[in-house]
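>
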Amino acid sequence: MTNFKKGPITWGEASSINPEFAEVLASEHGNHQLYINEHGMLRWEAYPEREAEIMERFGAHDINSLFAKGADKNDPLIRELYKCMGYSLSGFWEVFYWELNNEDAHKFRGRNFDETKKCVKIFAMVETDVDMDSHEFVDEVEAYLKEKYTVKKLDWEE
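Each residue of the sequence shown is one higher than the last, beginning at 1 in full-length UniProt numbering.
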C-alpha cells in the first residue's frame with residue numbers, strides 16, 4: 001500500500017516507495033506502465049491481448065502449465081507475461097527477485113548489463129544421409145552455429 005493517489009505512477013516515483021521496488025525497476029526491461037489501484041496497490045498495467053499471445057507462444061493455458069513446460073523465471077518474456085497480467089509489483093518482486101521463489105534470481109541479466117544473453121540448451125537427435133562420422137558431423141554443426149552465435153560448449157554422444 002502506498003500514499004500515492006490512484007492512477008498512473010512513474011518508474012521513478014515507484015522506485016522511491018521501497019527498496020524492493022527500486023531493485024525491480026532498476027533492472028527490468030522496457031517501460032511498462034505502472035499504476036496505483038483503488039486499494040493503493042502498485043501494479044503493472046494489464047495487457048490481456050499480449051498476455052494471451054505470450055501464453056500461446058509457450059503453448060500453455062495457465063501459469064502452472066507454463067512452469068510445468070520448463071519456463072525460466074529469468075526469461076524476459078516470462079517477466080513480460082507477468083507484467084501483462086497486471087501483477088502487483090510486490091508480487092513480481094516475490095516471484096522473480098526473492099531467492100526463496102527464484103533460486104537463480106542472482107543470474108538475471110537485466111537492462112543493467114551491456115549485453116543481455118539467453119542461454120539455450122538444445123537436445124536433438126539428427127539423422128542424416130550425409131556420409132560422415134559423428135565427430136565430423138558435430139564439427140560441421142558447431143562451425144555453422146559459431147558463424148551466428150556464441151557457442152560455449154557442444155556436447156555429443158553416439
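Glycine included, C-beta positions come from ideal geometry on N, C-alpha and C.
From which residue to which residue does the beta strand (DSSP E) around Trp93 run?
Unbroken run through Trp93 is the alpha helix (DSSP H), Leu89 to Phe96; no beta strand (DSSP E).
> If you follow the alpha helix (DSSP H) that Gly12 is in, where does it begin and where does it stop?
Trp11 to Ser15
> How is the alpha helix (DSSP H) around Tyr82 delimited, first residue to last?
Pro76 to Cys84
> Please classify Ile9: is it buried, with 16 or more other beta-carbons within 10 angstroms of its beta-carbon, or exposed?
buried
> Bridge partners for Leu34 per DSSP, in chain order?
Ile9 and Trp44
> Just tell me which of Gly59, Lys73, Leu89 and Lys6 has its CA closest to the CA of Leu100.
Lys73
> Is Phe98 buried or exposed, if buried means 16 or more other CB atoms sit within 10 Å of its CB?
What sits at residue 98 in the sequence shown is Trp, not Phe. Burial call: exposed.
> Would you give the residue range spanned by the alpha helix (DSSP H) that Leu100 belongs to?
Element bounds for Leu100: n/a, residue is neither H nor E.
> Quick one: residues in its chain with C-beta nearer than 7 angstroms to the C-beta of Leu77, no 5 flanking neighbours on either side, listed in chain order?
Ile54
> Take His32 and list the residues in its own chain whose beta-carbon comes closer than 7 angstroms to its own, dropping the five residues that flank it on each side.
Trp44, Glu45 and Lys83
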